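Accompanying notes for the structure given below.
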Amino acid sequence: MSKEPGDGIAPRVWQACVTCRRKKIKCDGNNPCHNCDSRHLTCEYPGSNDNASSSRSYATLFEARFQQLDTLCQRLEAVTSQLTHAIEKLPSEVQLSPRGSAATELEHVSQHLQSLLDPIDSGAGSGASHTEFAPSEQERDPDYRNASHHPSPDPEIEVDLSDESVDLTLRHDSNLETFGSLVPDSYGKLRFIGGASNQLLVKSIQSLATDNPQKDSDPDTFVTSMRHGPGQRDGNPSVEVPLFIQGLKWRELPYLPKPEDLNLPPRYIADMLIGLYFDQLHYTFPVLFKPHFMDRYTRLYVTQKQTPRDREFLSVFFAVCACASGLIASGNQSAFPGLEFYEKALLLHFSTIGQASVERTQCLALVSMCCSGWNTLSSSWHFAGQAVRAAQDLGMHLSNLTAPSQTSRDPGASLLEAEVSRRVWWSVYCLDRVTSVCLGRPMAANDGDCSCALPRSTSDEELEATCTRPEGLDEQPVSSKSPLSGFLAFIQLCQISSRIQDLQAPARIANLGSPQGRRRMVKLTKHIEKSLDEWLDGLPDEIRFSANTLNRGPALTMSILIFVIHAGSLLNLYRTFSNDKQPFSELDPAKNCISAARSCINAAELVRDFVPPSHYLALSVHCLTISGLALLWMQDPSPEKPDPDVEKCVRFLHDLEGACSGASKGRAIIEQTLGNMTRNRQGSSLDLDLQFSAMLHSQMPDLFSLESSMTGGANFWGTL
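Note that full-length UniProt numbering gives residue 58 to position 58 of the sequence shown, counting from 1, and the numbers run on in steps of one.
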């Protein structure tokens with residue numbers, strides 16, 4: 001592109017091209033110049049190393065940049081006028097119809113703005129003479145050259161998003177479920193699909209499946225009409241969701257036994273196991289609704305042999321028996337208690353592959369808890385993740401997507417199903433958090449994807465009775481003492497623990513290498529610490545550890561658990577910064593770790609008597625073991641005797657060995673570590689004594705050559 005003369009005066013040419021210089025003819029300084037362009041020659045300008053050339057180049061570059069800035073300001077002035085014109089039209093032209101003129105006007109304005117901005121881009125990308133060339137801002141920035149193609153998020157925005165990702169009050173907003181729907185699968189059961197793109201698909205099918213496509217139909221009517229399977233409407237085939245094939249079902253897996261082939265335990269044994277489960281585990285893990293379960297359990301034993309059994313409920317029944325078997329003291333430590341029930345539950349679960357139901361979610365959650373009680377945490381983590389996926393498949397993670405009742409259109413029944421769905425979701429959510437924290441593995445449920453309100457703090461029997469009343473749950477008074485109070489508090493603690501777990505992700509740990517990332521991490525950690533303090537201050541009185549008596553019940557069990565896990569969460573939080581020399585929360589992180597470890601050990605005194613074998617016990621043993629090791633490694637050892645809290649930790653772990661095999665391994669690690677440290681201290685002391693004696697012998701040899709018949713060391717020193 002040739003250089004334009006300004007005001008009739010040609011710009012000064014401070015360098016000629018190679019061809020013109022070789023031929024010793026006048027060059028106009030353009031690229032290509034007139035001589036090379038007319039002769040179709042290559043026009044090249046060599047670099048210049050003289051001192052004057054840099055000054056000339058700087059002045060020319062400055063003038064070129066100024067011209068570009070002036071052109072940009074003119075373009076921006078035109079853009080501003082167009083935007084002002086569009087904004088003035090918005091209030092008067094916005095209509096209720098989606099075809100309003102405001103949208104059309106905005107589209108025209110957008111196209112016009114793009115046409116205004118295109119010349120700027122084309123001017124920046126077009127070729128210019130060598131007198132106008134200047135490196136772009138991005139090319140001069142070393143961070144841009146070293147960065148990847150994906151821009152990193154703003155650090156402050158990242159902190160804000162992380163802080164607001166968990167709302168402890170869980171205020172429910174119906175707008176959060178805009179991009180989510182329940183659609184029937186090949187079995188006619190409802191499954192969740194989400195996303196803005198799929199929402200367009202669902203609305204299109206909904207408009208075709210209803211009689212009046214111009215009106216927004218009731219979602220319940222939509223899913224109910226589509227649940228009946230293939231059919232015809234007005235001579236046209238019914239519209240189906242393309243993600244499923246209506247009527248096509250999975251065949252039964254070969255070699256798996258049928259439900260009728262699996263023997264049930266004797267009724268008296270089953271009654272004992274079911275009673276133990278609901279007495280010790282239910283309200284700490286309310287994945288089941290007791291009235292519904294007991295009704296189906298009664299029908300299970302009174303049904304005739306020729307009547308087909310419900311394999312979905314049967315899998316839940318065997319899973320409950322497996323969990324309850326761990327509550328019975330057994331002298332056989334070589335076998336897992338309830339293994340036979342566990343295997344039957346899995347066989348029935350595998351026979352329902354391809355289907356979606358609440359019973360599948362409940363079975364997976366119970367099997368995961370059973371594995372945790374056996375201290376097989378890796379298997380428990382796998383099943384917990386599957387339970388989360390099964391719950392998300394049904395849309396349980398979104399409150400407003402509860403499926404309408406298939407057996408009744410009674411509002412009370414639908415209300416009860418919605419409440420049970422919340423309890424199931426939060427049970428599998430906490431289970432996933434506990435197993436992930438124990439193993440330090442990724443979590444299956446992302447808090448940003450969940451919008452499920454907390455369940456109501458009421459017992460199962462009261463909930464069922466309340467939903468049958470005309471006023472429903474709105475008029476139900478909040479009970480001051482509820483068996484679910486501890487579980488609700490534990491949900492909020494799990495949400496904070498998930499933020500601590502995210503804090504230790506590899507991408508965040510890598511930020512500690514830079515000062516900016518270090519400050520951002522410390523700021524985020526302080527927000528989490530504040531959330532823990534607010535959670536602790538907001539606990540109800542019946543859950544506070546000091547307000548409890550030694551009466552057995554879910555409130556006392558959850559009280560012990562949440563204080564142990566709260567201390568373990570603090571230890572996990574401070575441990576991230578234990579090697580950081582900067583002050584954190586006005587205290588040294590190492591001191592905070594030691595304080596949290598002592599609190600965890602002191603709160604674990606009643607774990608043996610009140611926490612049954614489950615994922616809760618596995619997490620308590622894990623926190624107790626880590627606390628003992630933190631006291632050994634993160635504080636200066638006492639030369640006289642070991643820390644009394646370490647001895648207390650070893651004693652508590654020894655008491656838990658009968659209930660959890662991980663306790664014996666944790667105790668062995670602490671004892672061996674303590675023994676090694678004691679021997680190392682004694683060895684270091686002996687080495688110092690030998691070195692001191694050698695130094696005295698070399699400096700004062702006469703002292704060690706005295707005969708033993710002399711007056712002795714005391715008299716010798718006294719003669720000095």
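Each residue gets a CB set at the ideal place from its N, CA and C atoms; glycine is no exception.
Remember, it's a predicted structure, so these values are computed and weren't measured experimentally.
With 16 as the cutoff for other CB atoms within 10 Å, does E156 come out buried or exposed? As a working note, residue 156 is residue 156 in the sequence shown. Any answer about E156 is weak, because its pLDDT of 42 lies below 50 and its placement is not dependable; what the coordinates show is given next. It is exposed - the Cβ of E156 has fewer than 16 other Cβ atoms within 10 Å.
Proximity winner among G517, A489, E542, S559, relative to S531 (alpha-carbon distances): Translated into positions along the sequence shown, residue 531 becomes position 531. For the residues G517, A489, E542, S559, the minimum Cα distance to S531 belongs to A489.
Out of C323, M443, I670, A418, which one is the CA nearest neighbour of P613? One-based indexing of the sequence shown puts residue 613 at position 613. Comparing Cα positions, the closest option is C323.
Quick check on L161: does DSSP put it in helix, strand or coil? Position 161 of the sequence shown, counted from the first residue, corresponds to residue 161. Below a pLDDT of 50, predicted positions are generally treated as unreliable, and L161, at 39, falls in that range; the measurement from the model is reported next regardless. It is helical.
Nearest to K23 by CA position, among C43, V437, T284, is which residue? Residue numbering aside, residue 23 sits at position 23 when the sequence shown is read from its first letter. Looking at the Cα atoms, C43 is the closest of the given residues.
Could you tell me the alpha carbon to alpha carbon distance between I565 and P254, rounded to whole angstroms? Counted from its first residue, the sequence shown places residue 565 at position 565. Counted from its first residue, the sequence shown places residue 254 at position 254. Roughly 44 Å between the two C-alpha positions.
So if DSSP puts R191 in a beta bridge, which residue, or which two residues, is it bridged to? Sequence index remark: in the sequence shown, residue 191 carries index 191 (1-based). According to DSSP, which records beta bridges pairwise, R191 is partnered with V183.
Would you identify the three-state DSSP class for P398, choosing helix, strand or coil? Here the question's residue 398 lines up with position 398 in the sequence shown. The amino acid occupying residue 398 in the given sequence is Leu; Pro does not appear at that position. If DSSP states are grouped into helix, strand and coil, L398 belongs with the strands.
Nearest-angstrom beta carbon gap, T625 and L653 [assumed within contact, 8 Å]: Start at 1 with the first residue of the sequence shown, and residue 653 comes out as number 653. Start at 1 with the first residue of the sequence shown, and residue 625 comes out as number 625. That pair is a contact at about 7 Å.
Is T576 buried or exposed, if buried means 16 or more other CB atoms sit within 10 Å of its CB? Within the sequence shown, numbered from 1, the residue matching residue 576 stands at position 576. It is buried - the Cβ of T576 has at least 16 other Cβ atoms within 10 Å.
Who are the Cβ neighbours of T19 in its own chain at under 6 Å, not counting the five residues just before and after it? As a first step, residue 19 is located in the sequence shown; it is residue number 19 there, counting from the start. Contacts found: C36, L41.
What residues are listed by DSSP as bridge partners for S451? In the sequence shown, residue 451 corresponds to position 451, counting from 1. According to DSSP, which records beta bridges pairwise, S451 is partnered with L398.
Taking one C-beta from the region 243–259 and one from the region 438–447 each time, how about it: are there three or more such pairs within less than 8 Å? no
Taking 8 Å as the cut-off, does the region 392–401 touch the region 415–429 (at least 3 CB pairs, one atom from each stretch)? yes
Exposed or buried, W381, counting other C-beta atoms within 10 Å across all chains shown (16 or more means buried)? Numbered from 1 along the sequence shown, position 381 holds the residue referred to as residue 381. W381 comes out buried.
Measuring alpha carbon to alpha carbon, tell me which of I193, T435, L262, S451 ends up nearest S400. Here residue 400 corresponds to residue number 400 of the sequence shown, with the count starting at 1. Note on residue identity: the sequence assigns Asn, not Ser, to residue 400. Per the Cα distances, S451.
Top-ranked residue by Cα proximity to T352, from L256, R608, A567: Here the question's residue 352 lines up with position 352 in the sequence shown. Of L256, R608, A567, the residue nearest in Cα terms is L256.
Would you decide whether G448 is buried or exposed? Buried here means 16 or more other CB atoms lie within 10 Å of its CB. Taking the first residue of the sequence shown as 1, we reach residue 448 at position 448. G448 comes out exposed.
Can you grab the Cα-Cα spacing for the pair G326 / A659, in whole Å? Taking the first residue of the sequence shown as 1, we reach residue 326 at position 326. Taking the first residue of the sequence shown as 1, we reach residue 659 at position 659. One C-alpha to the other measures close to 8 Å.
Leaving out the 5 sequence neighbours to the left and right, which residues in its chain are closer than 7 Å to G498 when beta-carbon positions are compared? Taking the sequence shown and counting its residues from 1, one reaches residue 498 at position 498. According to the sequence as given, residue 498 is Ser; it is not Gly. Answer for S498: R433, M443, D447, listed in chain order.
Per-residue DSSP class, three states only, for M521: In the sequence shown, counting from the first residue as 1, residue 521 sits at position 521. Helix.
For F652, which of helix, strand or coil comes out of DSSP? The residue you call residue 652 lines up with position 652 of the sequence shown. In the structure shown, F652 sits in a helix (DSSP, three-state: H, G or I).
Using 8 Å as the threshold, is the region 291–306 in touch with the region 335–349, meaning 3 or more CB pairs across them? no
Candidates E529, L524, A505, of which the one nearest I493 by Cα: For the purposes of this step, residue 493 is identified with residue 493 of the sequence shown, where counting begins at 1. The amino acid at residue 493 is misidentified as Ile; the sequence shows Leu. Closest by alpha carbon: E529.
Per DSSP, what kind of secondary structure is R681 in: helix, strand or coil? On the sequence shown, residue 681 is found 681 positions in, with the first residue counted as 1. If DSSP states are grouped into helix, strand and coil, R681 belongs with the helices.
Compute the Euclidean distance between the alpha carbons of T84 and K203, then round it to the nearest angstrom. One-based indexing of the sequence shown puts residue 84 at position 84. One-based indexing of the sequence shown puts residue 203 at position 203. If I take the Cα positions, the gap works out to 35 Å.
State the start and end residues of the unbroken alpha helix (DSSP H) segment that holds F317. As a first step, residue 317 is located in the sequence shown; it is residue number 317 there, counting from the start. Run containing F317: 311–325, per the alpha helix (DSSP H) assignment.
Distance CB(C321)-CB(P265) smaller than 8 Å: Looking up residue 321 in the sequence shown gives position 321. Looking up residue 265 in the sequence shown gives position 265. Closer than 8 Å, so yes.
Which residues bound the alpha helix (DSSP H) around A555? For the purposes of this step, residue 555 is taken as the residue at position 555 of the sequence shown. Note, A555: alpha helix (DSSP H), 554–575.
So I560 packs on F487, CB below 8 Å; how close in whole Å? Indexing the sequence shown from 1 puts residue 560 at position 560. Indexing the sequence shown from 1 puts residue 487 at position 487. The Cβ separation is near 14 Å, so there is no contact.
Proximity to W250 [Cα-Cα], best of Q355, P308, R267: Numbered from 1 along the sequence shown, position 250 holds the residue referred to as residue 250. Checked all of Q355, P308, R267; the closest Cα to W250 is Q355.
CB-CB under 6 Å to Q635, same chain, minus the five flanking residues each way: which ones, in chain order? Here residue 635 refers to the residue found at position 635 of the sequence shown. Excluding sequence neighbours, Q635 sits near I594.
Starting from H282, trace the alpha helix (DSSP H) both ways and give me its first and last residue. Here residue 282 refers to the residue found at position 282 of the sequence shown. Note, H282: premise wrong, no alpha helix (DSSP H); not H, not E.
Cα separation between P583 and S514? Taking the sequence shown and counting its residues from 1, one reaches residue 583 at position 583. Taking the sequence shown and counting its residues from 1, one reaches residue 514 at position 514. The predicted model places P583 with a pLDDT of 47, which falls under 50 and marks its position as unreliable; any figure quoted below should be read in that light. If I take the Cα positions, the gap works out to 17 Å.
According to DSSP, is C20 part of a helix, a strand, or is it coil? Counted from its first residue, the sequence shown places residue 20 at position 20. Residue state, collapsed to three classes: helix.
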